[in-house]
Structures are given as structure tokens and as C-alpha cells.
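As C-alpha cells, the structure follows; a few thoughts come after it.
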Amino acid sequence: MLARHGIRPRRSLGQHFLVDPNIVSKIVDAAGIEPGMKVVEVGAGTGALTAALAERGATVLAFETDRSLEPLLSEVLAGVRGVEVRWVDVTQVDLVEELRDGGWRMVSNLPYGVAAPLVADVLRRVPQVDELVVMVQKEVADRLCASPGDPAYGLPSLVVGLHGEARTLFRVPPTVFYPPPNVESAVVRITRRTPPPHAEEALRLAGRAFGGRRKMLRRSLGFPEEVFVRAGVDPTARPETLEVEDWLRLVEVAGA
Ligand code: SAM
Numbered sequence: 003m004l005a006r007h008g009i010r011p012r013r014s015l016g017q018h019f020l021v022d023p024n025i026v027s028k029i030v031d032a033a034g035i036e037p038g039m040k041v042v043e044v045g046a047g048t049g050a051l052t053a054a055l056a057e058r059g060a061t062v063l064a065f066e067t068d069r070s071l072e073p074l075l076s077e078v079l080a081g082v083r084g085v086e087v088r089w090v091d092v093t094q095v096d097l098v099e100e101l102r103d104g105g106w107r108m109v110s111n112l113p114y115g116v117a118a119p120l121v122a123d124v125l126r127r128v129p130q131v132d133e134l135v136v137m138v139q140k141e142v143a144d145r146l147c148a149s150p151g152d153p154a155y156g157l158p159s160l161v162v163g164l165h166g167e168a169r170t171l172f173r174v175p176p177t178v179f180y181p182p183p184n185v186e187s188a189v190v191r192i193t194r195r196t197p198p199p200h201a202e203e204a205l206r207l208a209g210r211a212f213g214g215r216r217k218m219l220r221r222s223l224g225f226p227e228e229v230f231v232r233a234g235v236d237p238t239a240r241p242e243t244l245e246v247e248d249w250l251r252l253v254e255v256a257g258a
């Protein structure tokens with residue numbers, strides 16, 4: 003179909019299209035799609051996932067930045083009901099405004115370039131999305147699902163820790179995509195929960211500390227010793243070892 007439409011996949015847009023119907027079904031199953039559900043998809047691409055979601059009865063709002071895919075996508079979606087495609091760069095869209103009322107799931111094979119920041123942004127700013135079932139690079143999946151002390155632990159892990167719960171559901175080999183990427187992928191489920199008070203302040207503080215990743219907290223945060231003592235946090239610790247509660251106590255004590 004790509005050849006017939008004269009389309010060459012663009013790596014710069016993370017265009018690795020799913021060509022294995024088994025994986026498509028597995029993602030739709032993992033997302034627990036039932037008739038009437040509202041699904042937001044980022045990167046409709048050639049529509050394999052879009053069509054499968056709609057065929058299970060979901061109402062799909064799909065964003066796709068590459069308008070040259072329009073004739074092909076129209077062909078794939080001909081006769082499929084319940085899909086609206088917005089031809090726009092999702093990073094330029096106010097999802098809070100677009101989704102309005104709640105009850106959305108995000109189900110996507112995310113483009114590599116935007117995956118990690120997009121997931122963090124949705125968790126922090128778009129409460130209308132209750133759950134995400136997204137395919138990402140395996141390294142990104144590891145970061146999203148890491149616990150304190152894991153080598154992959156960083157700011158994205160803390161965003162998830164504050165706003166939800168993440169689990170890698172299954173890995174996906176390069177062979178199910180056209181063209182195959184150079185890396186392994188994984189499907190992750192993130193279920194939202196209400197964040198604790200001061201979650202944003204904790205993230206800002208952690209941002210300062212992770213900025214100086216190799217530094218002890220005493221140096222990267224510059225708080226007097228007493229703040230650490232009162233918060234029950236070791237001033238010589240490194241940021242990747244702190245639990246969510248440690249950041250929240252530091253915020254409380256320091257008023258950061
Ligand atoms: N959903 C399709 C599939 O699974 O076969 C395509 C997935 S492909 C990994 C990612 C898609 O996201 C591409 O079609 C690409 O053009 C699109 N894309 C990349 N950056 C985007 C952005 N900023 N906004 C919207 N779509 C984007």
C-alpha cells in the first residue's frame with residue numbers, strides 16, 4: 003500500500019508502521035477496549051491500530067502530523083466508523099481543551115521522538131486520560147517503570163510514581179514493524195491515580211537534583227543540613243535512590 007501511494011516512511015517522524023495483525027490485536031486486548039470507550043491515539047500512521055480500535059467499538063480521536071499519509075489512511079479507514087483524524091502535530095495541541103470531559107484512554111504506538119515527554123505531559127497536565135497503553139522504545143519503558151535504585155530511574159519514573167502506576171506488559175521485536183527499527187519496543191500500561199499534594203513542587207525539586215545527576219543532594223539542592231535531617235533524607239544520597247515520599251517530605255520541610 004505504501005508503494006502504491008508513493009510513500010516512503012520517514013524515520014525523522016518515527017514512522018515504523020505495525021504490519022503484524024497479532025500484535026495489533028494484542029495491544030487492543032491489553033487496552034481492554036469495549037464498545038463505547040473513548041480512545042485518543044497519537045500517530046495514526048497507516049491506521050492498523052486506529053482501525054482495530056474502532057472495529058472493537060471505540061470512538062477514536064487520532065492525531066497524525068504527516069498529511070502525506072492522508073490518501074492511504076482514508077483507504078484503510080473507509081467503512082470504519084467512529085474515527086476522527088486531526089492532521090496536526092500533537093505537541094502543538096492543547097489536549098486539555100481537545101478532550102474536554104474525562105474518561106479517555108490513550109492507546110498508541112508512539113513516535114520515538116515524542117514518546118517520553120508526551121507521556122509525562124499527559125500524566126502531569128491532562129487528567130482526562132485515565133489510562134495509557136502505549137508502545138515505546140524498550141529503554142523508555144524501562145525508565146517509565148523503574149523503581150528507586152534501578153539504573154533506569156529518573157525524572158520520568160518519578161512523574162509516573164507521583165501520578166500513576168506503570169507496568170511493562172510485553173516486549174515487541176523489530177520484525178513486526180515496517181521498516182523495522184534498530185531497537186526493541188515494549189507495551190506499557192500506566193493507570194492514573196490522584197497525585198499527592200505538592201507533586202509539581204516535588205518534580206521541580208527533583209529536576210534540580212537530577213540535573214546534577216552525579217551529585218549528592220547536599221550539593222545539587224544546596225539546602226542546609228537541618229532540612230535533610232528534618233525530612234529524614236540522607237544529604238549524601240543521589241537523586242535516583244529517593245522514594246516519592248522522600249521528595250514530598252523535602253518539599254514540605256524546605257517549602258521548596
Ligand atoms: N499507529 C501507526 C502504527 O502503529 O502502525 C503508526 C505508528 S508510528 C510509530 C508513529 C506515527 O506518529 C507516525 O505515523 C508519525 O508520522 C506520527 N507522528 C510523529 N510525530 C508526531 C507528532 N508530533 N504528532 C502527531 N503524529 C506524529
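For any residue, its number in our numbering is found by taking its place in the sequence shown, counting from 1, and adding 2. A virtual CB, placed ideally from N, CA and C, is assigned to each residue, including glycine. What you are looking at is a predicted structure, and each value in this text was computed from that prediction instead of being measured.
Of the residues Val26, Thr243, Asp236 and Tyr180, the one placed nearest Gln17, counting alpha carbons only: Checking every option, the nearest Cα to that of Gln17 belongs to Tyr180.
Indicate whether the contact test is met: 3 or more Cβ pairs, each with one atom in the stretch 25-37 and one in the stretch 95-114, closer than 8 angstroms. In short, these stretches touch, since the Cβ pair count reaches three.
Rank Ala117, Trp249 and Val30 by C-alpha distance to the C-alpha of Thr201 and give the top, closest one. As written in the sequence, residue 201 is Ala, which differs from the Thr given in the question. Of all alpha-carbon atoms in Ala117, Trp249 and Val30, the one lying nearest the alpha-carbon of Ala201 is that of Trp249.
Could you check how far apart the C-beta atoms of Leu125 and Val162 are, in whole angstroms? I think they sit under 8 angstroms. Yes, they are in contact, since the Cβ atoms of Leu125 and Val162 sit about 7 angstroms apart, within 8 angstroms.
Every unbroken beta strand (DSSP E) inside the stretch 130-201 [3 residues or more]: As far as the stretch 130-201 is concerned, its whole beta strand (DSSP E) runs of at least 3 residues are 131-139, 166-174 and 187-194.
Hey, would you say the C-beta of Asn24 is under 7 angstroms away from at least one heavy atom of the ligand SAM? With a cut-off of 7 angstroms, the C-beta of Asn24 is classified as distant from the ligand SAM, since no heavy atom of the ligand falls inside that distance.
Would Val121 pass as a contact of Ile25 if the rule is Cβ separation under 8 angstroms? Taking a C-beta distance under 8 angstroms as the contact criterion, Val121 and Ile25 do not qualify as a contact pair.
Touch test, the stretch 89-104 against the stretch 128-145, Cβ-Cβ under 8 angstroms, three pairs minimum: Yes: the two stretches touch, three or more of their Cβ pairs being nearer than 8 angstroms.
Exposed or buried, what is Met137 when buried is set at 16 or more other beta-carbons lying within 10 Å of its beta-carbon? The C-beta of Met137 has 16 or more other C-beta atoms within 10 Å across all chains shown, which makes the residue buried.
Go ahead and label Pro158 buried or exposed: buried means 16 or more other beta carbons lie within 10 angstroms of its beta carbon, across all protein chains shown. That one is buried.
Nearest by alpha-carbon distance to Pro150: which of Ala239, Pro183 and Leu223 is it? Minimum Cα distance to Pro150 is reached at Ala239.
Do Thr243 and the ligand SAM come close, with the Cβ less than 7 angstroms from some heavy atom? Taking the Cβ of Thr243 as the reference point, every heavy atom of the ligand SAM lies at 7 angstroms or farther away.
Classify Gln139: buried if its beta carbon has 16 or more other beta carbons within 10 angstroms, exposed otherwise. Burial is judged here by how many other beta carbons sit within 10 angstroms of a residue's own beta carbon; Gln139 has at least 16 and is buried.
Let me know the beta strand (DSSP E) ranges lying completely inside the stretch 25-74, each 3 residues or longer, listed in chain order. Within the stretch 25-74, the complete beta strand (DSSP E) runs of at least 3 residues are 40-44 and 61-66.
With DSSP collapsed to three states, give me the class of Val87. The answer is strand: DSSP assigns Val87 an E or B state.
Within a Cβ cutoff of 7 angstroms, which residues of the same chain sit near Pro183, ignoring the five residues on either side of it in sequence? Shown here for Pro183: same chain residues with a beta carbon closer than 7 angstroms to its own, the five before and five after excluded, namely His18 and Pro176 in chain order.
Return the Cβ separation of Phe75 and Thr48 in integer angstroms, given the expectation that the two are a contact with Cβ distance under 8 angstroms. Checking the sequence, you will find Leu at residue 75 rather than Phe. At roughly 7 angstroms, the Cβ-Cβ gap stays under 8 angstroms, so Leu75 and Thr48 are in contact.
Local conformation of Leu4 per DSSP, three classes: Leu4: coil per DSSP, three-state reduction.
According to DSSP, residues forming a beta bridge with Met108: Beta-bridge analysis with DSSP links Met108 to Val42 and Leu134.
Have a look at Glu227 and Pro237 and give me their C-alpha separation to the nearest angstrom. Glu227 and Pro237: Cα-Cα distance of roughly 7 angstroms.
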